[in-house]
Amino acid sequence: MRVLVVDDERGLTRALAKGLGAEGFVVDVAHDGETGLALATDNDYDAIVLDVMLPRRSGYDVVAALREREVWTPVLMLSAKDGEWDVADGLDLGADDYLTKPFSFVVLVARLRALVRRPAAARPAVLAVGGLVLDPAAHTLTQAGAPVPLTPKELALLEYLMRHADRVVGKTELRDHVWGVGEDPNVVEVYVGYLRRKLGRDVVRTVRGAGYRIAG
0 MRVLVVDDER GLTRALAKGL GAEGFVVDVA HDGETGLALA TDNDYDAIVL DVMLPRRSGY
60 DVVAALRERE VWTPVLMLSA KDGEWDVADG LDLGADDYLT KPFSFVVLVA RLRALVRRPA
120 AARPAVLAVG GLVLDPAAHT LTQAGAPVPL TPKELALLEY LMRHADRVVG KTELRDHVWG
180 VGEDPNVVEV YVGYLRRKLG RDVVRTVRGA GYRIAG
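Residue numbers (numbering that gives the first Met the number 0): 0 to 215.
Below, the structure is given as structure tokens:
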């Protein structure tokens with residue numbers, strides 16, 4: 000397994016390269032964001048370990064740029080900042096996992112192996128289907144370039160449909176992921192109605208007996 004480590008702490012990168020090498024990983028190293036972005040774009044890695052505070056370009060900028068370029072390599076972010084908003088920012092921009100320094104090397108290896116086991120499916124930070132563009136981190140939606148105000152639940156429902164635009168999504172699945180298992184499944188129909196009133200009747204289509212599908 001080939002891993003890219005991007006961190007400006009050279010002592011840490013040497014230790015990680017040595018330790019990961021002993022665990023069977025092939026390790027490349029970069030010490031600034033620009034170099035890390037170039038290596039991650041030009042090479043096929045199984046995972047990337049990416050520090051937040053980097054010279055030339057921050058880890059946040061790097062992961063956002065990778066996702067914009069449709070590079071879906073799993074990213075484990077490292078940071079000395081342990082605030083919940085810092086973690087949320089990294090994940091919203093497209094990172095897959097987050098560890099705060101100091102961290103356990105054993106945990107780092109376990110999380111890397113878990114990331115590598117997952118399929119590197121497309122996980123864009125900003126979703127675009129047809130004329131809809133949804134930014135989950137900013138909680139904004141535009142349709143044909145015009146902003147459309149939605150409630151949090153409307154946004155959550157639309158986001159789930161847009162993330163699964165390649166298939167029909169059942170009512171129960173939508174209920175479970177947007178409201179929770181205990182909610183009445185009929186709430187899905189109610190909120191689909193809300194979306195249709197705001198976006199147009201053809202945007203969310205009903206597939207009889209199967210569920211709903213977002214129009215592409």
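Beta carbons: idealized from backbone N, C-alpha and C, even for Gly.
What is the C-beta distance between residue i and residue j, in whole angstroms, given that I count them as a contact (C-beta under 8 Å)?
i: Tyr44; j: Val2; result: 6 Å
i: Val186; j: Tyr211; result: Incorrect: roughly 13 Å between the Cβ atoms, too far for contact.
i: Leu216; j: Asp96; result: No answer is possible for residue 216: the residues shown for the chain start at 0 and end at 215.
i: Val5; j: Leu53; result: 7 Å
i: Leu194; j: Leu157; result: 6 Å
i: Asp7; j: Asp50; result: 7 Å
i: Ala155; j: Val177; result: 5 Å
i: Ala46; j: Thr72; result: 7 Å
i: Leu33; j: Arg9; result: Here residue 33 is Glu; the residue named in the question, Leu, does not match the sequence. Rounded, the Cβ-Cβ distance is 17 Å, inconsistent with contact.
Name the residue from the options whose alpha carbon lies nearest to the alpha carbon of residue i.
i: Val25; options: Leu111, Ala136, Pro146 and Leu194; result: Leu111
i: Arg196; options: Glu33, Leu107 and Glu153; result: Glu153
i: Ser57; options: Ala46, Leu19, Thr99 and Leu77; result: Leu77
i: Val48; options: Val115, Ala124, Ala87 and Ala21; result: Val115
i: Pro151; options: His163, Gly144 and Pro135; result: Pro135
i: Val132; options: Val189, Ile213, Gly35 and Val108; result: Ile213
i: His138; options: Val51, Leu149 and Ala79; result: Leu149
i: Glu67; options: Ala94, Ala79 and Ala87; result: Ala94
i: Leu107; options: Tyr159, Glu8, Asp201 and Gly18; result: Gly18
i: Ala124; options: Leu11, Val62, Gln142 and Ala209; result: Val62
i: Pro146; options: Met161, Tyr159, Gly130 and Val177; result: Gly130
i: Ala127; options: Ala143, Trp178 and Gly10; result: Ala143
i: Arg13; options: Gly23, Val28 and Met0; result: Val28
i: Gly169; options: Arg200, Gly181, Gly199 and Arg204; result: Arg204
i: Ala79; options: Leu11, Ala39, His163 and Asp183; result: Leu11
i: Leu36; options: Val70, Arg9 and Gly23; result: Val70
i: Thr171; options: Arg162, Thr34, Gly89 and Glu182; result: Glu182
Would the beta-carbon of residue i be found less than 6 Å away from any heavy atom of the ligand SAH?
i: Ala46; result: Among the ligands in the structure shown, none appear at all, so the ligand SAH cannot be discussed.
Just list the residues that DSSP pairs residue i with in beta bridges.
i: Val61; result: Partner(s): none; Val61 has no beta bridge.
i: Thr139; result: Asp134
i: Arg212; result: Arg204
i: Tyr216; result: Given that the chain is displayed from residue 0 to residue 215, the structure contains no residue 216 and the question cannot be resolved.
i: Leu11; result: Partner(s): none; Leu11 has no beta bridge.
i: Leu3; result: Asp27 and Ile47
i: Asp95; result: According to DSSP, which records beta bridges pairwise, Asp95 is partnered with nothing at all.
i: Val74; result: Ile47
i: Leu126; result: Leu133
i: Pro101; result: Per DSSP, none; premise fails for Pro101.
i: Pro148; result: Paired residues: none, contrary to the question.
Please classify residue i as buried or exposed, where buried requires at least 16 other C-beta atoms within 10 Å of its C-beta.
i: Pro101; result: exposed
i: Arg166; result: exposed
i: Ala21; result: exposed
i: Gly174; result: Here residue 174 turns out to be Arg, not Gly, going by the sequence shown. Per the 10 Å Cβ criterion, buried.
i: Ala39; result: buried
i: Asp88; result: buried
i: Val202; result: buried
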